[in-house]
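Take the position in the sequence shown, starting the count at 1, then add 4; the result is the number in my numbering. Written out below as structure tokens is the structure these notes cover.
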Amino acid sequence: FQRHKLFTRELSMLMYGFGDTMSPLPESVDVLEDILVDYINNMCVQAAKVSGRKNKVAVEDFKFVLRKDPKKLARVEELLAMNKEIEVA
């Protein structure tokens, strides 16, 4: 399949922030990006499965999928609250 390299720049910066070199190996970034894209795809598929609506996924569906992972669910709640604050400001 064709790689789109959607997150290459951001992942390189994250890797540097977590102790890698300033310019991590492209192969390392590619592997991490593959893992990330797979995770995002799996989350979307799971959310679509629990969604009661056809061809529509809501935030609540993602929260339901994450219900057994308190850390990730708390982070989602935090980001949603911050987004609401930004919208109000």
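Don't be surprised by glycine CBs; every beta carbon is placed ideally from N, CA and C. Only a predicted model underlies this, so the values are computations on that prediction, with no experimental measurement involved.
Measure the C-alpha to C-alpha separation of residue i and residue j and round it to an integer number of angstroms.
i          : j          : result
residue 44 : residue 28 : 23 Å
residue 89 : residue 66 : 21 Å
residue 81 : residue 41 : 22 Å
residue 12 : residue 56 : 34 Å
residue 22 : residue 8  : 24 Å
residue 31 : residue 64 : 35 Å
residue 50 : residue 72 : 13 Å
With burial defined as no fewer than 16 other Cβ atoms inside 10 Å of the residue's Cβ, what is the status of residue i: buried or exposed?
i          : result
residue 70 : buried
residue 91 : exposed
Where do the N-terminal and C-terminal ends of the alpha helix (DSSP H) with residue i fall, by residue?
i          : result
residue 68 : 63 to 69
residue 52 : 30 to 54
Which residues in the same chain as residue i place their Cβ atom closer than 6 Å to its Cβ, once the five residues preceding and following it in sequence are excluded?
i          : result
residue 20 : 26
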